[in-house]
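Structure first, commentary second.
Numbering (our numbering), first residue to last: 7 to 1250.
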């Protein structure tokens, strides 16, 4: 602790030292004062003032005629006065200063004219940037009232109206989605615990309703020294302030089912629209408490969504409830012939036989028959849930069916934002702002509709900030901040089993109650200071931030699960336990499961327990509680040097020191090895052809972390120095050439570390299980316990809960004695953070040109490059490692690859020395006979695992022996991004305003996963091969080559003062005047698409990319509909059969390229029609009407094809081994169908 106190003291001393860089929530203005001949005028007094908010600033032009106002409060409506003896006074009105922007306002003074000249600054909210090379768009937030904004709870639409943004996948100029950063009023509001939303790239704590915002600034790359918390997009927001005049609004935004179109797939299958009622309403007010001194602002936002979804669960048929057991007959009872395996009670009753309760008892080895406690339970639990969908695919249709119901999913959100500004003195100002968010929504549907709300989502986040701004003389400004944003989320299970934490799983009926819950509270207190000091032509900036974060979480994962039905040790019954006239294999399988369930047979009990760091078992159901502490320190120095009137150079250095998260109660463990130590030993053994239990060291766990006076998970990076350089050359008043170079470090996403630690710490969780089995199925059913109880309160009868064994320290999992078994049994798994982990970083390069054109046009074109280094990548230390046969010198991959080629060619398979020498003589034909399909697919990992599990190879041959799956968080990721970013802006003139962003880019990497992504179970985004990390180098998952985003506002030229009917009478002007059109058109090319092979090469975590060896023309995207009616489908490829034939599976350890195809392109258009009604003149009271339509043309934007892996996870991509017609099949859209919204705003 003393070390951190010392570091904090050093930070305070550093920030208090005498110290251009504007604070993150402020603006600035620079310029040059000249006479009409162009000669500079030094000593001119420049006064910048804003009567609405009661502020005034003064500067004097220096010897070069330049002046500089740093750290100015962002606002509209500034005026600037230029005065010098012997010259006229020039006053420029209507100057807009926007957050994060340095505005250039030059002045030409007339000689010898003793009068004041007044001019208007015009409507150019977007101007040339003459000071640096940042890339991004700034917007007047008033646009959010004039554009069709889909969600008024968030300013996310402004984040996407930037060049370089891959909308829909959350990536900004090649950075990972969790590296974007947002500040509000200078304070970090990012979700540091969980990272960003994978679609938008942002997740804001406490929310930011658009009506509460006054200023916005976006920077996608080209960061200065004072920004860079994370290496992605940086966005600065400022909340509204009160002024000397009272302003505000009342608003209502409405959507309902009648304003919503049906989705493409619903229309295609004949399903109706999903009911919807959405009302968003609120208002705000701001004004003065004391003129020119004290101001207030308050915003209230309330969103209420009433919607529903369709859910379906498996429930027992009435026959089962009454104590009868049904099964498929071998032959139909009406003499019509053999019964099909697909026979169902509702469709082919003549093929369904029935056992009465007495007959069930006669077959029961215990002679009891139908378990009365089970019948009591199902009749109580499912009393109001009777089968209404007998064909439900998850039910067997014989003893169970589907119960489909409509589940209400209301979502209610409240936001409160308040702010107070106080001008202490003409030189000192303070402000304070608070934000509160209250949201109640559904996390998942109830199991049954009659259940009370079971799995809600609750957000109780809030935040605040206090800031002091002090102008010290005319050349120094200091701004201090203190704030805290508290993320408080809860995912409870409110309706549990009455026997919880003992839960029951009823065979084919599944779990009748939900279980498990989690919650977290993450406060992020932050201290920040920015100091600016103008020294001649230098504008110096010093500053930094310090955050001390504590994540508090609870995960309920300690409960017991009682399995009712068949035991995995006796998965089938014998004929003496079945009726004699039962059908074939399928009929027997379904009957066996139903019979064991009907008996109430307890097949197994598995109990999970949590321990503290002293080894004590915690009460079951109390959950795993964790308190992680984490510190972030960031310091910077920067200088903006006006070298000449036309050249500005910005340079600086940013330093960050992020501590390693540690668990304050000592619930933390460390491993004894690094990834390279473990994996390197496996590679060396494979090259040498050395096998055995102990040729590879075991991973062992001990107590770790600061609370245990032990080493951290990994060492902090003390050398994260990030230099920044930029220049801006202004060869003419309407042209700027600029460029920059910088290093930017990633920030730590805490949950990526915490989750890994908590899932595989081994010292704080243990489980115990009892399997009830027998030498025969009859013996198992005879001796296994049966459930008891009445109603919904089941008991485990004569059984007892297993108790977990004590955990010894150090602990070596999946090793018995000195023999590892986790790999051979397929049960060993561990997630590990590499102790050598370092902070990832990017090298960014930019150059560009800005050109102002007549007609209020501004063109900005930039080239940007990002080289990502040491990026986080998840690698499997248990992946396949090539093993050499000492006798022949042949490797495992060579032997497997040879057989694969011969099988695919249909030729005779020759004996392979590796198989003959290591597995045994004659092994090649034996292995081909038993694993031929794996050779055909090229599935070398499953083949290697089969050899180990069957005992055909010794431990540590090809695959890991201690763990079957062993992902590590490493620095083996890398990336490269290059892009042309072009923005054309037309500032408002002649009633027209627009921005058009065009991006032409390419992003390449070997893994695209953000830090908080858990690759295990998804089969994608692992390092394909840790031996050769570049083997899966390819297009990034989020790579989109061409993107166009835009916005426009057109004030229609009708009514008073306009070109059409400019002298219209009041009654006519009310009808035709004040109308405007607005829109957000966007287009992009296809997102990168992976083609997988259903084969696993490096390990079980990675479905290997298929090898492309065909014609590029047959795999081009050609989205079209196949078939007619409700059974029609959407296909990506013109000929899916020909497209699939262009690929082949892996050969040995050789795989194809990642993401080598493209999904569908996309076009969207949101449009709005607005009308302003003037109620009182001079803007004192107006009524605004809007009709907005999102996806106005109802154009379906089809998603990429997706495949479902063995773990049940759906992942973008397509499997070329899929059955005919499935390859390239598209099953969803990525955008909603058309939604209409109507609104009224009363503005005063």
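Quick reminder that beta carbons are idealized off the backbone N, C-alpha and C, glycines included.
Please state if the CB of residue j and the CB of residue i are separated by a distance shorter than 7 Å.
i	j	result
residue 1191	residue 1177	yes
residue 369	residue 583	yes
residue 784	residue 879	no
residue 624	residue 616	yes
residue 966	residue 1098	no
residue 1286	residue 629	The chain is shown only over 7 to 1250; residue 1286 falls outside these bounds and no answer can be derived.
residue 550	residue 640	yes
residue 869	residue 853	yes
residue 1101	residue 1158	no
residue 995	residue 152	no
residue 458	residue 501	yes
Please report how far the alpha carbon of residue i lies from the alpha carbon of residue j, in whole angstroms.
i	j	result
residue 534	residue 722	22 Å
residue 169	residue 142	7 Å
residue 1224	residue 1056	50 Å
residue 1013	residue 654	39 Å
residue 428	residue 847	41 Å
residue 27	residue 68	With a pLDDT of 47 at residue 27, under the threshold of 50, the modelled position of this residue cannot be trusted, and the question is left open.
residue 228	residue 646	15 Å
residue 10	residue 314	In this prediction, residue 10 scores a pLDDT of 42, lower than 50, which makes its location untrustworthy; the coordinate-derived value is nonetheless stated afterwards. Those two C-alpha atoms are separated by around 51 Å.
residue 478	residue 83	25 Å
residue 1250	residue 1188	6 Å
residue 715	residue 619	13 Å
residue 803	residue 208	51 Å
residue 731	residue 746	5 Å
residue 1145	residue 237	38 Å
Just to confirm, does residue i get its C-beta within under 6 Å of one of the non-hydrogen atoms of the ligand HEM?
i	result
residue 162	Ligands displayed in this structure: none; no statement on the ligand HEM is therefore possible.
Residues in the same chain with beta-carbon distance under 7 Å from residue i, minus the five sequence neighbours each way, listed in chain order, please.
i	result
residue 607	570, 571, 787, 790 and 792
residue 984	871, 1007 and 1008
residue 1092	1123, 1164, 1165, 1166 and 1167
residue 235	187, 194, 640 and 753
By a C-beta neighbour count over all protein chains shown, 10 Å radius and 16 as the cutoff for buried, is residue i buried or exposed?
i	result
residue 590	exposed
residue 914	exposed
residue 385	exposed
residue 355	exposed
residue 504	exposed
residue 526	buried
residue 423	buried
residue 950	buried
residue 5	A question about residue 5 goes unanswered here, because the residues of the chain that appear run from 7 up to 1250.
residue 324	exposed
residue 185	buried
residue 246	buried
residue 648	buried
residue 679	buried
residue 912	exposed
Which residues in the same chain as residue i place their Cβ atom closer than 6 Å to its Cβ, once the five residues preceding and following it in sequence are excluded?
i	result
residue 1004	988 and 1050
residue 711	668, 669 and 674
residue 844	723, 876 and 977
residue 1064	none
residue 998	1056
Strictly by DSSP, which residues pair up with residue i?
i	result
residue 447	463
residue 56	61
residue 1126	1137
residue 1040	1011
residue 146	221
residue 866	856 and 989
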